[in-house]
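The block underneath contains the structure these notes are about, expressed in structure tokens.
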């Protein structure tokens, strides 16, 4: 099945004044999300570390079923992007990812305005404080919002409002394989998965966005959503 390309939005997204990470019980108590897209039967086991070695997104190259010549080209491109020393802070962000508390979420909701993973009760207060501090190391969070284990990551852009406008234009998504161009940290990719997409592969060359995506994916688990650190020129 061919990919449906979702281009980078050309219209500015509504912004929030800044980036904060805080507990937000009120947000979780708002209107109930679609139960068909809330996953609660998750295994009670430690979440494996996200794929961030050797090159994030490498598994997507195989999962997408690309021809072998494409796969090799993409592998070569990713190797070049993540070669030692090309970005001074990538090693720092990798270290942050390895420090994330290793706990399993009790729920996933990709249809809520804030992409929601886990509940506050899944972590101790100390673990939540630690997670909030680590997420802040990955700022600025542009697209969002996200809610991780009761920690509300307020992104600079209110991407949920943009999603409300575009979701009808790209429907129907069930069974589709999506290429999300200019994916940022993957907020829209998770929303498209929630809307039924079979596979979503995003591309974005900004490595802090890759790190943010990997932080979310570490807790979301092996879902068919990937982000490649590539620009459209690749």
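Residue numbers (our numbering): 1251 to 1484.
Backbone N, C-alpha and C define an ideal beta-carbon position, used for all residues, glycine too.
Rounded straight-line distance, which links the Cα of residue 1388 to that of residue 1403: On the chain shown, residue 1403 is found 153 positions in, with the first residue counted as 1. On the chain shown, residue 1388 is found 138 positions in, with the first residue counted as 1. Distance between the alpha carbons of residue 1403 and residue 1388: 11 Å.
Burial state of residue 1451 (16 or more Cβ within 10 Å): Numbered from its first residue, the chain shown carries residue 1451 at position 201. Burial call: buried.
Extent of the continuous alpha helix (DSSP H) run through residue 1371: Here residue 1371 refers to the residue found at position 121 when the chain shown is read from its first residue. Segment: none, residue 1371 is in no alpha helix (DSSP H) and carries neither H nor E.
Which of helix, strand or coil DSSP assigns to residue 1420: The residue you call residue 1420 lines up with position 170 of the chain shown. Three-state result, residue 1420: helix.
Closest by C-alpha distance to residue 1469, when choosing among 1333, 1368, 1364, 1339: Stepping through the chain shown from its first residue, residue 1469 is reached at position 219. Of 1333, 1368, 1364, 1339, the residue nearest in Cα terms is 1368.
Residue 1492 (DSSP reduced to helix, strand or coil): It is not possible to answer for residue 1492, since the shown part of the chain is limited to 1251 through 1484.
Exposure label - residue 1366; buried when at least 16 CB within 10 Å: On the chain shown, position 116 is the one that residue 1366 refers to. It counts as buried.
Spatial neighbours of residue 1337 in its chain, beta-carbon cut-off 8 Å, leaving aside the 5 residues before and after: Mapped onto the chain shown, residue 1337 falls at position 87. If we look at residue 1337 and ignore the five residues flanking it on each side, its Cβ neighbours are 1457.
Residue 1320 classed as buried or exposed, judged by whether at least 16 other C-beta atoms fall within 10 angstroms: For the purposes of this step, residue 1320 is taken as residue 70 along the chain shown, with counting starting at 1. By the neighbour-count rule (16 or more Cβ atoms within 10 Å), residue 1320 is not buried but exposed.
Reduced DSSP secondary structure (H/G/I, E/B, other) of residue 1466: Counting from 1 along the chain shown, the entry for residue 1466 is found at position 216. Correct three-state label for residue 1466: helix.
For residue 1392 and residue 1413, believed in contact at Cβ under 8 Å, the rounded distance: As a position in the chain shown, residue 1413 is number 163, starting the count at 1. As a position in the chain shown, residue 1392 is number 142, starting the count at 1. Incorrect: roughly 14 Å between the Cβ atoms, too far for contact.
Residue from 1476, 1397, 1380 whose Cα sits closest to the Cα of residue 1427: Within the chain shown, residue 1427 is the residue found at index 177, counting from 1. Per the Cα distances, 1476.
C-beta atoms of residue 1347 and residue 1464 nearer than 7 Å: One-based indexing of the chain shown puts residue 1347 at position 97. One-based indexing of the chain shown puts residue 1464 at position 214. In contact: residue 1347 and residue 1464 (Cβ atoms closer than 7 Å).
Environment of residue 1401 [buried if 16+ CB atoms lie within 10 Å]: Locating residue 1401 in the chain shown gives position 151, where the first residue counts as 1. Here residue 1401 is buried, its C-beta having at least 16 other C-beta atoms within 10 Å.
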